[in-house]
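Participant: When the count follows the numbering used here, it moves up by one through the sequence shown with no breaks and lands on 170 for the last residue. The C-beta atom is built at its ideal place from N, Cα and C for all residues, glycine as well. No experiment lies behind these values; they were computed from the predicted model shown.
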Amino acid sequence: MDWWHPALIAVHATAGGLGLLLAVPVILAPKRRGRHPMLGRAYAVSAAVLCLTAFGLVAYDPGRLVGLAVLGTLTAVWVGGGVWLARRRPVLGGSPYAWRVWHLNLMGSSVISFVTAFLVQMTRGSLIAWIAPTVVGTVIIARANRRELARQTPARARDQGLPVA
Numbered sequence: 006m007d008w009w010h011p012a013l014i015a016v017h018a019t020a021g022g023l024g025l026l027l028a029v030p031v032i033l034a035p036k037r038r039g040r041h042p043m044l045g046r047a048y049a050v051s052a053a054v055l056c057l058t059a060f061g062l063v064a065y066d067p068g069r070l071v072g073l074a075v076l077g078t079l080t081a082v083w084v085g086g087g088v089w090l091a092r093r094r095p096v097l098g099g100s101p102y103a104w105r106v107w108h109l110n111l112m113g114s115s116v117i118s119f120v121t122a123f124l125v126q127m128t129r130g131s132l133i134a135w136i137a138p139t140v141v142g143t144v145i146i147a148r149a150n151r152r153e154l155a156r157q158t159p160a161r162a163r164d165q166g167l168p169v170a
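Structure (structure tokens):
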């Protein structure tokens, strides 16, 4: 009997469930040393395991699971980019804080992919399950971007020696 396929599904489902459970605490944790980076690392590891097992599952039925391959690739890129930005904190566009917005967008997109994959699985491929998480998640990310940019404005003015209101 081929035990690899059920084992891959079990590991994949566990990593996906763990990622979904970690997403909310990571999002809600204060963005400073401590809980946020610790939970974020655990989320990134679960995302890595999820993506690797997704590619393994696609190998069993590539024609039927092409959507899983696309979602796995995008998730890996988003999480990898988000982790890279958080570790390097590059100056983007002349701002030492711009990386935060990119990090927020990339990691938020990865959460959308976790939710999308879960809903697609639970609804057996419903079109709404493919679209709704992106629509709702995009609105949430846009609001978070506005808040982050508003937070950055006083810091940017202070760094440039301008008066802060």
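Hey, would you say H41 sits closer than 8 angstroms to A34, going by beta carbons?
Facilitator: yes
Participant: Expressed to the nearest angstrom, what Euclidean distance is found between the alpha-carbon atoms of P95 and W89?
Facilitator: If you draw a straight line from the Cα of P95 to the Cα of W89, it comes to about 9 angstroms.
Participant: Taking only runs that begin and end inside the segment 59-110, name each unbroken alpha helix (DSSP H) of 4 or more residues, in chain order.
Facilitator: 71-93
Participant: Between Q157, T78, L57 and L70, which has its C-alpha nearest S115's C-alpha?
Facilitator: T78
Participant: Measure the C-alpha to C-alpha separation of L25 and G113 and round it to an integer number of angstroms.
Facilitator: 12 angstroms
Participant: How big is the Cα-Cα spacing for N150 and S100?
Facilitator: 15 angstroms
Participant: Skipping 5 residues on each side, what residues in its chain have a beta carbon closer than 6 angstroms to that of L111?
Facilitator: W83, G86 and G87
Participant: Looking at C-alpha atoms only, which residue of A155, A12, G21 and P11 is the closest neighbour of R105?
Facilitator: A155
Participant: Count the other C-beta atoms from every protein chain shown that fall within 10 angstroms of the C-beta of T158, then say buried if there are 16 or more, exposed otherwise.
Facilitator: exposed
Participant: Can you tell me which of A134, L13 and S51 puts its alpha carbon nearest to the alpha carbon of V31?
Facilitator: When C-alpha distances from V31 are compared across A134, L13 and S51, the shortest belongs to S51.
Participant: Taking W9 as part of the alpha helix (DSSP H), name the residues at either end of that continuous run.
Facilitator: W9 to L33
Participant: Assuming contact is defined by CB atoms lying nearer than 8 angstroms, are H17 and T58 in contact in what I supplied?
Facilitator: yes
Participant: For S118, count the other beta carbons within 10 Å of its own beta carbon; 16 or more makes it buried, fewer makes it exposed. Which is it?
Facilitator: buried
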